[in-house]
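Residue numbering for the sequence shown follows our numbering, starting at 1 and increasing by one per position. For glycine and all other residues, C-beta sits at the position ideal for the given N, C-alpha and C. Computed from a predicted model, the values in this text were never measured in an experiment. Written out below as structure tokens is the structure these notes cover.
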Amino acid sequence: MNSSSRGIAIVTWNCRGLNNKYHELNLFLSQHQIDLVLLTETKMAPHLHFHMPGYKIYRADHPSESRQAGSAILVRNNIPHSQLLPIRQPDVQIALIQLNLGTTTYKIGSFYSQPESQQRLSSTAMQNVINEMGQRFLLGGDFNAKHPRWGSATTNPRGRSLHDVIYQRSLQVMSPVEPTHFPDNAAHSPDILDFFIGREIQHIVSPASVIHDLSSDHYPVSLSVDSSAPADRNMNHFDCIHWSTYTEILTNMTVLNVPLKTKMDIDKSVSKLNQLIISAATSASSSPTQMRPQLTPPHILQLLAIKRRARALWESTKYPPYKANFRSASKDLKKALTQMKADNDRQSLTRLDSKDGSLWRKSKSLLKNKDSIPPLKLDGRWYATNEEKSDLFSNLLEAQFSPNPSHSQEFDEHVAENLQEPLQLSIFNDFLTPAQVKNAIRRSGRKKAAGYDHITQPMLNHLPRKTLVLVTQIYNAILRTGYFPSKWKHACVIMIPKPQKNPRDPTSYRPISLLPLLAKIFEKLVIPKLFSFLAPSIPEFQFGFRPMHSCQQQIHRVVEEILDSYERKQVCQGVFLDTQKAFDKAWHMGILYKTKPLLPDSYYRLVQSYLAGRTFSVKIENALSTSRTIRSGVPQGSVWGPLLYLLYVSDVPTSPTTVSAMFADDEAILSRDRDGLVATTGLQKHLDEIALWSKKWRLVMNSSKSFNVIFTYRRNHVVSPLSLDGAIIPTMDAVRYLGITLDRRLTFRSHITDLVKRIRQRTRMLLPLLGRRSTLGMPMKRLLYLMLIRPIWQYGCSIWGASCTTQIRRIQAQQNRVLRLITDAPWFVRSSILHRDLDIQMVQEVIQSTSTRTHQTMTNHPNPVFVDYEDLLESSRGDRRLKKKRPVDLL
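Structure representation (structure tokens):
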């Protein structure tokens, strides 16, 4: 049975320590098809992790962070819900969620409070808990309270206090008719400690009952809610769509004779096209097969029955030998479950294959962060529900997508007047063909995320010829009229946590915009033409988002400049600038001002329409915020956005006494001279020009996140502090630029230390696949290392590979460690033998081959900046004053 047909099945259980209950709890959930589990006395600490496949867990550990008390909630993945802020106090711990039961929103809580002998719970504390739960709630767990009101044989002080609260607040009690707690001490009598209390919920729940299962001194107590919210239908699951039927439906329903002369006609046609594709996909899709309960092997069922009989016999007699039999039966069952889980894991690993994608799906599940967004705190207020979170992020992003204040009203008026001047008309002959559209769709990745319209890449791949002609007609109408459809200018934004940031801070999340795929395909078709007009204006030192340019090439330029200053006994002062929210704060009128003289009128009007009237909504699981307006920035996730930003910053000031290196919004400026003060003076003049330029174009340079590094071997050098827009730029011994940490003497020691840490972390996450107990085949393990671990250190190795031999050996040691882990080789087998048998190159060999390939990409490069770079390389190949190894020595 599934939850949609019988309601939501809820169980509360005192697990008496959750960390060692995985196997029997997994079996219990599979047999009884439980949707929500309210766990109490979990005894979990921050360093302990618990994951149940198919469920999300929300914990309320003891505030002392020790392994005592605590509660948790397990929620099935397909049930829409929101995580609420847990209550974590010494006397009570409550894990909380919120979900819709029918048309009404309820809070569901897992309550636990230690017995009175360990922790007292006052009536005031219980009153505060009820106030926190609100008007409609269901609270279940181990209250450690006894009273005849819920069937207990005796009464204790906490039971009287809880009964008073229930009576005063007119709460409803849902308790079983038989004991739930059977103490280990035979002198103590069984009683009812586990039950549910709630408000305005009794009319939709079934009577509570005890399930005689699981190993603890408490039995689970269950009830079901008659009304539940259906699970969201996810159109990203393509397996249930019959593509031949889908193609036939589209062919029959597509109408080519549609008007496409005005803006309204284009908007209507785009809307109808979206509805047509979704309607065809819905009609051609079959209902997904209902998940059946996993069949339990007969020997597990037999051991489970033996354990149940032994437990019932001991509880009815309290005879000590029967208790020993019960414990023995529990151990046998746990051992069998552990062995069954190991056998299943081995079988699943042997079925993994790189060709069908199962290997990569498994590895992705191990590397992916499974945590959802917890309750957020901003300005002293908590935002717990998904609706509150989405609205909070929308407010923050709406401010982020607004232009910075103006510093010159006169210049703004000049820009506005320039944009209002009439355009010089030109003949437009650039039209698209259905073959071009079809090829563009096929070149797009199959795993591209869908936008708010739910149109996925496989849906576009299976478009029939007739529908492709309709799409081509719409694209050509957009080019002819210069109007970009409003339906394609709305972004669905999801929030991704930034690594190593506080997850409860809303500023610790990065927005990811999901745009309609049809709009992105149109942008791909047109961008070659836009690039031909705009590329000549992009400066030579800008390497971002340009063909034949890469991060590593830019870093090579910077490193060679620094090394050459070492050779000439100079002081090289480098400033690495940070632009605050660069892509999100680009001024739309400024972009149009710079593109207008470069583009023909038809493409200019298209870009103008492309930037105007853009909107977004933030989606947090099942909650979607209201639509908000984007008033600045280039569209994130778009194809045209990076090119427009490069043009926007194309006139950034330069200086003949400095060297500039840009990759998108990351800019490095180097100034070198034998006199440190001369180098500082030239660099400061350049920074002053950049400060004036950024104010003019409404960009904010973040001086606190910009860094100043002095690269030199000279000990008696004098430099002065650098400032940016009146703020001092902090001086650092090392800086991270384009993924490489550059220290003041280019030893790369700190960079390699970070690489070692990341390699060990990635290896630890992939241990279920790479470990000695893994039954994955040796070729698959080797492939995982080459694809998921080696790229961590291989990036930039043509640069940091010039460090000393000791540092290279640290990386080689990590590779040796992983290969021994993969092969489970004994200690006496040489690492060279492992490399030979697995056909894996030594680290030094990888560095040399990568350096050769990188150097080839920079030889005869069309960018003129590489002429100076080649001169530096030629000069470094001759006699050198310093013995320091350089990247050119790796060739």
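In this structure, what does DSSP give as the bridge partners for His490?
Thr615
From Val719 to Gln500, what does the alpha carbon distance come to, in whole angstroms?
34 angstroms
Along the chain, where does the beta strand (DSSP E) that runs through Cys551 open and close?
Taken as a continuous stretch (DSSP letters only), Cys551 belongs to no beta strand (DSSP E), being part of the alpha helix (DSSP H) at 551-567.
Of the residues Glu567, Ser703, Pro539, Val571, the one placed nearest Leu577, counting alpha carbons only:
Ser703
Pick from Ser358, Ala664, Asp391: whose alpha carbon is nearest that of Gln580?
Ala664
Kindly indicate the opening and closing residues of the beta strand (DSSP E) around Val173.
172-174
If we call anything under 8 angstroms between Cβ atoms a contact, is Ala153 one with Ser117?
no
Buried or exposed: where does Ala310 fall if 16 or more other Cβ atoms within 10 Å of its Cβ makes it buried?
buried
Does the pairing of the stretch 380-397 with the stretch 498-513 give three or more beta-carbon distances under 8 angstroms?
yes
Do Ile833 and Cys797 count as a contact pair if the criterion is CB distance below 8 angstroms?
no
According to DSSP, is His181 helix, strand or coil?
strand
Flag this pair as yes or no: are the beta carbons of Lys107 and Gly134 separated by less than 8 angstroms?
yes
Give the DSSP-derived three-state secondary structure of Tyr483 in the structure shown.
coil
Using 8 angstroms as the Cβ pair cut-off and three pairs as the minimum, do the stretch 465-484 and the stretch 579-594 touch?
no
Within the continuous beta strand (DSSP E) that includes Glu12, where are the two ends?
In the sequence as presented, Glu is not what sits at residue 12; that position holds Thr. Element bounds for Thr12: 8-14.
Report the partner residues of Gln93 according to the DSSP bridge assignment.
Arg88, Tyr112
Determine the DSSP secondary structure at Thr806, reduced to helix, strand or coil.
helix
Can you grab the Cα-Cα spacing for the pair Lys318 / Ala186, in whole Å?
6 angstroms
Does DSSP put Cys240 in a helix, in a strand, or in coil?
coil
With a CB to CB cut of under 8 angstroms and the five nearest residues on each side skipped, what residues in its chain are close to Glu561?
Cys572, Val659, Leu670, Arg672, Leu872
Go ahead and pull the three-state DSSP assignment for Met892.
Residue 892 falls outside the range modelled here, since the chain spans only 1 to 891, and no answer is possible.
Distance between Gln844 and Asp868 (C-alpha atoms, nearest Å)
28 angstroms
Assumed close pair Pro892, Arg443 - CB separation to whole angstroms, cut-off 8 angstroms:
The shown model of the chain, from 1 to 891, leaves out residue 892, and the question about it has no answer.
What is the DSSP secondary structure of Leu873, reduced to helix, strand or coil?
helix
Please say whether Ile521 and Gly637 have beta carbons closer to each other than 8 angstroms?
no
Residue from Leu85, Ser113, Arg76 with nearest C-alpha to Val940
With the chain covering 1 to 891 only, the question about residue 940 has no answer from this structure.
Backbone secondary structure at Met701 - three-state DSSP:
strand
Lys885 versus His835: straight-line alpha-carbon distance, rounded
26 angstroms
How about the stretch 764-778 and the stretch 344-361: do they share at least three Cβ pairs that are nearer than 8 angstroms?
yes
Output yes or no for whether 8 angstroms exceeds the beta carbon distance between His686 and Ser655.
yes
Close Cβ partners of Ser71 (< 7 angstroms) along its chain, the five nearest in sequence each way excluded:
Leu39, Thr40, Thr42, Ala60, Gln93, Ile94, Ala95, Ser110, Phe111, Tyr112, Gly141
If you draw a straight line from the C-alpha of Ile979 to the C-alpha of Lys466, how long is it?
What the structure shows of the chain is the stretch from 1 to 891, and residue 979 is not part of that stretch, so it cannot be assessed.
When you compare only the Cα positions, how much space is there between Arg715 and Arg880?
20 angstroms
Compute the beta-carbon to beta-carbon distance between His861 and Met548, rounded to the nearest angstrom, for a pair I have assumed lies under 8 angstroms.
7 angstroms
Can you tell me whether Lys261 is buried or exposed? The criterion is at least 16 other CB atoms within 10 Å of its CB, across all chains shown.
exposed
What residues are listed by DSSP as bridge partners for Ser723?
Ile728
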